[in-house]
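Asker:
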Amino acid sequence: MTKEGNLHKKSDLSGVTLNNLRQIYFYNEKINSENKSTEDQFLDYTLLFNDFFIDDPWYNDLLVQFISKEDASKYKGKKIDLYGSHYGYSCFGGKPHKTACMYGGVTLHDNNKLDEEKKIPVNLWLDGKQTSVPLDTVRTYKKEV
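Numbering follows UniProt numbering, in which position 144 of the sequence shown is assigned residue number 144; successive positions increment by one, without gaps.
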């Protein structure tokens, strides 16, 4: 579960950071990969998936960073699902210049599926104003996200 202290307000981020995120989410291919496992790590708070990308002209490996060693250990060696968008700029680990990092999420694969889709409410604030988001915008078949 995400802790409030790990969240950031838009106003706390630089314009360059926001622009990078916008570019990554709008233009980069999305990762939606299920039932993956690895024991490999670059640093103790990462998981490294060697030869993750098939037929990709730029990348071979995928590096996933966590907030802590404990968070990485929760997923190390377990079957997991990966969802997000990848980027290569300033991503270090794995094969030099052939490793992508990921913005997104990781969930456990085993015993984490629902029979019916669950809708997740979103409370979105833009420039200090609450903005309505349709209830069916974010959906999942995961028990725990």
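All C-beta atoms in this analysis are idealised placements derived from N, C-alpha and C, irrespective of residue type, glycine included. From a predicted model like this one, the values you see are computed outputs, not experimental measurements.
#1: With the cut-off set at 9 Å, would you say Ile24 and Ser85 are in Cβ contact?
#2: Should Thr38 and Gly77 be called a contact, given that it needs their Cβ atoms to be closer than 9 Å?
#3: Alpha helix (DSSP H) containing Lys74: first to last residue?
#4: Between the region 43 to 53 and the region 62 to 75, do three or more beta carbon pairs fall short of 8 Å?
#5: Please report how far the alpha carbon of Asp71 lies from the alpha carbon of Lys129, in whole angstroms.
#6: Please name the residue in Val145, Arg22, Asn28 and Phe53 whose C-alpha comes closest to that of Lys118.
#7: Could you check what DSSP says for Met1 in three-state terms: helix, strand or coil?
#8: Beta-carbon separation of Leu82 and Ser33 under 9 Å?
#9: With DSSP run on the structure shown, which of helix, strand or coil describes Ile24?
#10: For Met1, I'd like the list of residues in its chain whose CB is within less than 8 Å of its CB, leaving aside the five on either flank, ordered along the chain.
#11: If you scan the region 28 to 111 from start to end, which runs of the beta strand (DSSP E) of 3 or more residues do you find wholly inside it?
#12: When the Cα atoms are used, what is the spatial distance from Asp61 to Leu124?
#13: Going by the CB atoms, is the gap between Thr137 and Val122 shorter than 9 Å?
#14: Over the uninterrupted beta strand (DSSP E) stretch that includes Lys129, give me the two end residues.
Answerer: Straight from the coordinates:
#1: Against the sequence shown, residue 24 aligns to sequence position 24. Against the sequence shown, residue 85 aligns to sequence position 85. Yes; because the gap between Cβ atoms is below 9 Å, this pair is in contact.
#2: Start at 1 with the first residue of the sequence shown, and residue 38 comes out as number 38. Start at 1 with the first residue of the sequence shown, and residue 77 comes out as number 77. Closer than 9 Å, so yes.
#3: Here residue 74 refers to the residue found at position 74 of the sequence shown. Lys69 to Tyr75 is the span of the alpha helix (DSSP H), which, as asked, contains Lys74.
#4: yes
#5: The residue labelled residue 71 in the question sits at position 71 within the sequence shown. The residue labelled residue 129 in the question sits at position 129 within the sequence shown. Answer to the nearest angstrom: the Cα atoms are 33 Å apart.
#6: Indexing the sequence shown from 1 puts residue 118 at position 118. Closest option to Lys118, Cα to Cα, is Val145.
#7: Here residue 1 refers to the residue found at position 1 of the sequence shown. Its pLDDT being 48, under 50, Met1 is placed unreliably in this model, and the coordinates cannot settle the point.
#8: If you number the sequence shown from 1, residue 82 lands on position 82. If you number the sequence shown from 1, residue 33 lands on position 33. Contact flag set, yes.
#9: Within the sequence shown, the letter at position 24 stands for residue 24. In this structure, Ile24 counts as helix in the three-state DSSP scheme.
#10: Position 1 of the sequence shown, counting from 1, holds the residue named residue 1. Because the pLDDT of Met1 is 48, which lies under 50, any placement of that residue in the model is unreliable, and the question is left without a value.
#11: 30 to 36, 46 to 49, 61 to 65, 80 to 87 and 99 to 108
#12: Residue 61 sits at position 61 when you count from the first residue of the sequence shown. Residue 124 sits at position 124 when you count from the first residue of the sequence shown. Going from the Cα of Asp61 to the Cα of Leu124 covers about 33 Å.
#13: Position 122 of the sequence shown holds residue 122. Position 137 of the sequence shown holds residue 137. Closer than 9 Å, so yes.
#14: Looking up residue 129 in the sequence shown gives position 129. Here the beta strand (DSSP E) through Lys129 covers Lys129 to Thr131.
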